[in-house]
Amino acid sequence: MHAPRELFTATAMAPWWRAAVGANLLGPDGGLGVTIFEEMTTLAVQTGAINLGQGFPDEDGPAEIKAAVQAAVASGANQYAPGKGLLELREAVSAHQQRFYGLSPDPQSEVIITTGATEGIAASLLAFAGPGDEVLTFEPFYDSYGAVIGLTGATHVTVPLLAPEFFPDMAALEAAFSDRTKVVLLNNPHNPTGAVFPREVLQRVVDLARKHDCLIITDEVYEHLTFGVSHIPVASLPGAADRTVSISSAGKTFSFTGWKIGWLSGPEELVSAIRTVKQFLTYSSGTPFQAAIATGLALPDDFYHGIWTTLRHKRDILSEGLRAAGFDVYTPQGTYFVNVDTAPLGIHDSVDLARRLPSLVGVAAIPLPVFCHPQGAERTRSLLRFAFCKKIEVLEEAAARLATLSGKL
Ligand code: PMP
Ligand code: GLN
62 MHAPRELFTA
72 TAMAPWWRAA
82 VGANLLGPDG
92 GLGVTIFEEM
102 TTLAVQTGAI
112 NLGQGFPDED
122 GPAEIKAAVQ
132 AAVASGANQY
142 APGKGLLELR
152 EAVSAHQQRF
162 YGLSPDPQSE
172 VIITTGATEG
182 IAASLLAFAG
192 PGDEVLTFEP
202 FYDSYGAVIG
212 LTGATHVTVP
222 LLAPEFFPDM
232 AALEAAFSDR
242 TKVVLLNNPH
252 NPTGAVFPRE
262 VLQRVVDLAR
272 KHDCLIITDE
282 VYEHLTFGVS
292 HIPVASLPGA
302 ADRTVSISSA
312 GKTFSFTGWK
322 IGWLSGPEEL
332 VSAIRTVKQF
342 LTYSSGTPFQ
352 AAIATGLALP
362 DDFYHGIWTT
372 LRHKRDILSE
382 GLRAAGFDVY
392 TPQGTYFVNV
402 DTAPLGIHDS
412 VDLARRLPSL
422 VGVAAIPLPV
432 FCHPQGAERT
442 RSLLRFAFCK
452 KIEVLEEAAA
462 RLATLSGKL
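If you use our numbering, the sequence shown corresponds to residues 62 to 470, in order.
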């Protein structure tokens, strides 16, 4: 028997989920479709454009980590990992926190391995936020935040980040907290703006979280991608440790975004609540990849130093090209994204430009309004994000192509 036809259409999606996940999609029917990253990557592939949209490196990470995954597969590490993740990786996460930040989460009870940072974020929000609660983020915000906050049923409250530095106004930050604030979801270094927040901003968030007795979930996936400024883990700040869940991932640090190995750490009570949710999302994943990332986390300091020095050089090459193309460039202190204002070229709708850019000049990028609610979208209407985690010759070619843009508008 055939199911009613409408079950095969968009309307089959439960309306409140549809509203929740739709906020950051540009789907033709206003709420269904693929993420902006998928849309722009598909467009880049179709047009043969250089893809500076979705953030993924065009070179693999260290050979020894690749060899470690092959060895793990060959040695039979191919069945389910424990729900908490392989002990050797939990130990490596803890040792990494100790080595770089002087933090010492207990690998047995205060660390879990997740399917990328994405699952860590989702499981944490689902564990703590629900209808009637508010979850606070900066705006623009990484796309999965809006969707998952929506899925929890909580209200998403945002604090704008203001160009050129993309720091929040402190009074607006304070005003955004209420007695319904349940979670502050931070992201530092910040995608999409590339901001690295100063200690005063982070400490203010911690103090306000204490005052309003709420939790802090901090997404620090770009922790090793800062350019000459140190990364300050929120969990290391006075007053933070007992209410902070820290999330990170192997994708950015080791250039293996496709492996989807992430982790989180925090106080035992919080981590066990998250684990309860996490086991029903994926239970566990990527056993041999987990083993290999344990090797990666133990790599010597010169590897970690090499990541940001190489990227800083790439940032400078692309930024120079973008400036020469006529954009106003906001130089990032972290991540592998640089944002530009397209207004000097007479462009005021970066969503429209992003859709036309691949066929106009053969480069793909991501418009900032998709990381915002409507008001924030208005504020960021002419801003566009480019990823610079690509080979130098690719960045140079992209710059040469973008230099022709002003003549084609
Ligand atoms: N948070 C931020 C801020 C990101 O930019 C990304 C992805 N690139 C993620 C989370 C997701 O990380 P993962 O691929 O490990 O799930
Ligand atoms: N984090 C990547 C970016 O910001 C995209 C990851 C994804 O496609 N979900 O470009």
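Every residue, glycine too, gets a C-beta built ideally from N, C-alpha and C.
Check your understanding: Where do the ends of the beta strand (DSSP E) carrying residue 246 lie?
Key -> As a position in the sequence shown, residue 246 is number 185, starting the count at 1. Here the beta strand (DSSP E) through residue 246 covers 242 to 248.
Practice item. Please list, in chain order, all residues of the same chain as residue 235 whose beta carbon is under 7 Å from its beta carbon, the five residues on each side excluded. Key: Residue mapping note: residue 235 aligns to position 174 of the sequence shown, counting from 1. Here the set comprises 269.
Review point. For residue 453, which residues from the same chain have a beta carbon less than 7 Å from its beta carbon, with the 5 sequence-adjacent residues on both sides left out?
Key: Counting from 1 along the sequence shown, the entry for residue 453 is found at position 392. For residue 453, where only same-chain residues beyond five positions count, the Cβ hits under 7 Å are 375 and 378.
Practice item. Report all residues from its chain with a CB closer than 7 Å to the CB of residue 351; omit the five preceding and five following residues, and keep chain order. Key: For the purposes of this step, residue 351 is taken as residue 290 along the sequence shown, with counting starting at 1. Closer than 7 Å at the Cβ level, and outside the excluded window around residue 351, lie 142, 146, 147, 150, 174 and 322.
Practice item. Take every Cβ of the stretch 300 to 320, pair it with every Cβ of the stretch 180 to 199, and state whether three or more of those distances are shorter than 8 Å. Key: yes
Check your understanding: Does the beta carbon of residue 270 fall short of 6 Å from some heavy atom of the ligand PMP?
Key -> Within the sequence shown, residue 270 is the residue found at index 209, counting from 1. Not so, every heavy atom of the ligand PMP lies at least 6 Å from the Cβ.
**Study point:** Exposure of residue 345, with buried meaning 16 or more beta-carbon neighbours within 10 Å
**Key:** Within the sequence shown, residue 345 is the residue found at index 284, counting from 1. With 16 or more Cβ atoms within 10 Å of its Cβ, residue 345 is classed as buried.
Check your understanding: Is DSSP giving residue 398 helix, strand or coil here?
Key -> Numbered from 1 along the sequence shown, position 337 holds the residue referred to as residue 398. In this structure, residue 398 counts as strand in the three-state DSSP scheme.
**Study point:** DSSP-derived helix/strand/coil call for residue 374
**Key:** Taking the sequence shown and counting its residues from 1, one reaches residue 374 at position 313. Helix at residue 374.
Point to revise | Cut-off 7 Å between Cβ atoms - residues of its own chain near residue 138, not counting five sequence neighbours on either side | key: Within the sequence shown, the letter at position 77 stands for residue 138. Taken in chain order, the residues that qualify are 348, 349 and 352.
Check your understanding: Under 7 Å between the Cβ atoms of residue 431 and residue 462?
Key -> As a working note, residue 431 is residue 370 in the sequence shown. As a working note, residue 462 is residue 401 in the sequence shown. Not closer than 7 Å, so no.
Point to revise | Contacts around residue 464, its chain only, beta-carbon distance under 8 Å, and the 5 residues preceding and following it disregarded | key: The residue you call residue 464 lines up with position 403 of the sequence shown. Answer for residue 464: 382, 385 and 386, listed in chain order.
Practice item. Please state whether DSSP places residue 228 in a helix, a strand or coil. Key: Mapped onto the sequence shown, residue 228 falls at position 167. Three-state result, residue 228: strand.
Review point. Taking the alpha carbon of residue 457 as the point to measure from, which residue in 223, 408, 380 and 388 has its own alpha carbon closest?
Key: By 1-based counting over the sequence shown, the position of residue 457 is 396. Selected option, being the one with the closest Cα: 380.
Check your understanding: Is residue 367 near residue 257, with beta carbons less than 7 Å apart?
Key -> Here residue 367 is taken as the residue at index 306 of the sequence shown, counted from 1. Here residue 257 is taken as the residue at index 196 of the sequence shown, counted from 1. In this structure, residue 257 does not lie closer than 7 Å to residue 367 by Cβ.
Exercise for review: Classify residue 90 as helix, strand or coil using the three-state DSSP reduction.
Suggested key: In the sequence shown, the residue the question calls residue 90 occupies position 29. The predicted model places residue 90 with a pLDDT of 47, which falls under 50 and marks its position as unreliable; any figure quoted below should be read in that light. Residue 90: coil per DSSP, three-state reduction.
Check your understanding: Where does residue 365 sit, in a helix, a strand or coil, going by DSSP?
Key -> Stepping through the sequence shown from its first residue, residue 365 is reached at position 304. In this structure, residue 365 counts as helix in the three-state DSSP scheme.
Point to revise | Proximity of residue 358 and residue 397 at Cβ, strictly below 7 Å | key: Position 297 of the sequence shown, counted from the start, is the residue given in the question as residue 358. Position 336 of the sequence shown, counted from the start, is the residue given in the question as residue 397. Going by C-beta atoms, residue 358 is not nearer than 7 Å to residue 397.
Practice item. Using 6 Å as the cut-off, classify the Cβ of residue 135 as near or not near the heavy atoms of the ligand PMP, replying yes or no. Key: Position 74 of the sequence shown, counted from the start, is the residue given in the question as residue 135. Not so, every heavy atom of the ligand PMP lies at least 6 Å from the Cβ.
Check your understanding: Cβ atoms of residue 279 and residue 295: under 7 Å apart, would you say?
Key -> In the sequence shown, counting from the first residue as 1, residue 295 sits at position 234. In the sequence shown, counting from the first residue as 1, residue 279 sits at position 218. For residue 295 and residue 279, yes; Cβs fall inside 7 Å.
Check your understanding: Using CA coordinates, which residue listed in 448, 411, 285 and 445 is at the minimum distance from residue 160?
Key -> As a first step, residue 160 is located in the sequence shown; it is residue number 99 there, counting from the start. Comparing Cα positions, the closest option is 285.
Practice item. Return the chain-ordered list of same chain residues with a C-beta closer than 8 Å to the C-beta of residue 272, the five sequence neighbours on each side being excluded. Key: Along the sequence shown, one-based indexing puts residue 272 at 211. Here the set comprises 238.
**Study point:** Three-state secondary structure (DSSP) of residue 254
**Key:** Here residue 254 corresponds to residue number 193 of the sequence shown, with the count starting at 1. Coil, per DSSP.
Review point. Among residues of its own chain, excluding the 5 on either side of residue 288, which ones have a beta-carbon nearer than 8 Å to its beta-carbon?
Key: Translated into the one-based positions of the sequence shown, residue 288 becomes position 227. If we look at residue 288 and ignore the five residues flanking it on each side, its Cβ neighbours are 369, 372, 373, 376, 393, 394 and 395.
Review point. Of the residues 164, 245 and 202, which one's Cα is nearest the Cα of residue 189?
Key: Here residue 189 refers to the residue found at position 128 when the sequence shown is read from its first residue. When each option's Cα is compared against that of residue 189, the closest is 245.
Review point. With burial defined as no fewer than 16 other Cβ atoms inside 10 Å of the residue's Cβ, what is the status of residue 91: buried or exposed?
Key: Within the sequence shown, residue 91 is the residue found at index 30, counting from 1. Unreliable placement is indicated for residue 91, whose pLDDT of 49 sits below 50; the coordinate value is still reported in the next sentence. So residue 91 ends up on the exposed side.
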